[in-house]
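In this note's numbering, the protein residues as written are 6 to 543.
A short worksheet on the structure shown next.
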């Protein structure tokens, strides 16, 4: 293929080898016929599903919609066995996609991007890697990951620990924890999966919990061939529901308020959802107002609190596991989490009441004493949304550094672009939709790739949003978040899990359907364009 600009190394550079990177490379190469390279810091494609290989790791989005929808043949060909995909199954799926669409060789593995800079004189991007080589391209696509910038708490003394310590998001293949005294710090979605998985395998498990979580059953089960065949036969309708719904998890939206029912009716519906499983379903699709109406939220929260007291035998442990905040974080779902604390070899430490003081040679010391451990596991999550965009220099027009631009809170246009950064496209970045990831990626990067095609077809060199467009999108996202109870919890959804990080809106809360309407309505009307450079301008 011939490049758009013979003076550049590539037409497009993609950063990341997860869902976003794979989708971008496929469309850029196979539809636009561009010369594209992708840099992935891991040793395999998969992004977060390569790194997060800890015990118990699986997607808590149901299998039938945790996949790409761009090819009907792929949807029919590639199948699954259970209603949720394990980490290995997701990795196998993504590997298959790269092989099926002949894009595997476009990924340069074990290659981490260390700097990107826009060359204003000739309007192209310079991308430098850890191999101290710089590549050039007209277009830059960042699939850096919504949840991939690892958050490691700064705990004094960690280097003094004589045992092993791991982070779930950087899990080594030879991790040695079985039959040992293990401490786990963190009880978010990852921690809950890990704790339930390893409890039967260790000598003793000490869970260090800062915030008690609302957890509902996952409902993990094998699906019959007939059930899967029926799903595949109805995929057109299913994906239409996904793209036009609020959450994009494949469930029809409900217009039923929790407060339109009697307490007895509400309890019956909650019980039905509890038996069905899935946290996203429980929070968003039983009733339509659990995340916006305090009374409705309290009803759901109290239902789960009663379940905790019924399941957990020790009253003191049950009380520690009972959340004090509204039911308004990223929903957790796991079969058996609360039952795990009935095991004789599992203990719970409330580090909000008894904070961690330091890591010692033998374990972890809190204000109430020392806990001897052989292994410490950090399940402490991520610097979500913008963490990967601020950990290395990203330099746009006029030497504007993205980290500096976002120091008081991150912004974007549609969750895809930023002013002063022409031809740079982001996926699952700040102010993108608060929805299921694969369909959101297809919407965001679909718009970006349509724009790239528009630029090529019209002999235009660059596009970027105006500052007014970026501010307008932020204002809309802020307005949509004002009625949400998510802002009342100290979670990553508003950036509250990172000490010193500005707490601000980080998502478009209007839903997938409305987000897609925004993309269609706005088109490219709020962008400014530069014409292609003539040869005499070089």
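Even for Gly, the Cβ is constructed at its ideal location relative to N, Cα and C.
Please list, in chain order, all residues of the same chain as residue i whose beta carbon is under 7 Å from its beta carbon, the five residues on each side excluded.
i, result
"residue 521", "248 and 448"
"residue 360", "371 and 372"
"residue 317", "323, 326, 343, 346 and 347"
"residue 278", "286, 287 and 291"
"residue 196", "189 and 384"
"residue 264", "298, 300 and 301"
"residue 55", "47, 49 and 96"
"residue 157", "172, 383 and 385"
Would you please state the rounded distance, in angstroms, between the beta carbons of residue i and residue j? I believe it to be under 8 Å.
i, j, result
"residue 115", "residue 48", "6 Å"
"residue 183", "residue 209", "With a Cβ gap of about 12 Å, residue 183 and residue 209 do not count as contacting."
"residue 465", "residue 409", "Residue 465 to residue 409, Cβ: 28 Å. No contact."
"residue 145", "residue 422", "Their Cβ separation, rounded to whole angstroms, is 11 Å, which puts residue 145 and residue 422 out of contact at 8 Å."
"residue 283", "residue 67", "7 Å"
"residue 556", "residue 485", "Outside the displayed span of the chain (6 to 543) sits residue 556, for which this structure offers no information."
"residue 331", "residue 306", "7 Å"
"residue 213", "residue 369", "7 Å"
According to DSSP, what are the bridge partners of residue i?
i, result
"residue 142", "15 and 130"
"residue 1", "Not covered by the structure: residue 1. The range shown for the chain is 6 to 543."
"residue 63", "91"
"residue 352", "211"
"residue 381", "170 and 188"
"residue 86", "Residue 86 is not bridged to any residue."
"residue 535", "467"
"residue 43", "19 and 112"
"residue 123", "130"
"residue 337", "220"
"residue 147", "20 and 431"
"residue 400", "122 and 406"
Determine, for residue i, whether the minimum Cβ-Cβ distance to residues of chain D falls below 7 Å.
i, result
"residue 46", "The displayed structure is made up of one protein chain only, and chain D is not part of it."
Which same chain residues, not among the five before or five after residue i, have their C-beta less than 6 Å away from its C-beta?
i, result
"residue 528", "none"
"residue 39", "16, 17 and 33"
"residue 400", "122 and 406"
"residue 26", "19, 43 and 148"
"residue 544", "Not covered by the structure: residue 544. The range shown for the chain is 6 to 543."
"residue 251", "258 and 516"
"residue 467", "128, 427, 428 and 535"
"residue 418", "470, 474, 475 and 478"
Indicate the three-state DSSP secondary structure (helix, strand or coil) for residue i in the structure shown.
i, result
"residue 101", "helix"
"residue 96", "helix"
"residue 321", "helix"
"residue 251", "coil"
"residue 226", "coil"
"residue 374", "strand"
"residue 501", "Note that residue 501 has pLDDT 48, beneath the 50 cutoff, so the model's placement of it is unreliable and no number is given."
"residue 256", "coil"
"residue 363", "strand"
"residue 220", "strand"
"residue 118", "strand"
"residue 30", "helix"
"residue 418", "strand"
"residue 430", "strand"
"residue 405", "coil"
"residue 7", "coil"
"residue 160", "coil"
"residue 261", "coil"
"residue 48", "coil"
"residue 368", "strand"
"residue 358", "coil"
"residue 68", "helix"
"residue 180", "coil"
"residue 58", "coil"
"residue 528", "coil"
"residue 344", "helix"
"residue 137", "coil"
"residue 452", "helix"
"residue 246", "helix"
"residue 395", "coil"
"residue 74", "coil"
"residue 37", "coil"
"residue 193", "coil"
"residue 107", "coil"
"residue 519", "helix"
Among the residues of its own chain, which have a CB less than 8 Å from the CB of residue i, if the five just before and after it don't count?
i, result
"residue 161", "362, 363 and 364"
Of all the alpha helix (DSSP H) runs that stay within the bounds of the segment 263 to 306, which reach a length of 4 or more residues? Taking only runs of at least 4 residues, the alpha helix (DSSP H) segments lying wholly in the segment 263 to 306 are 268 to 281 and 284 to 289.
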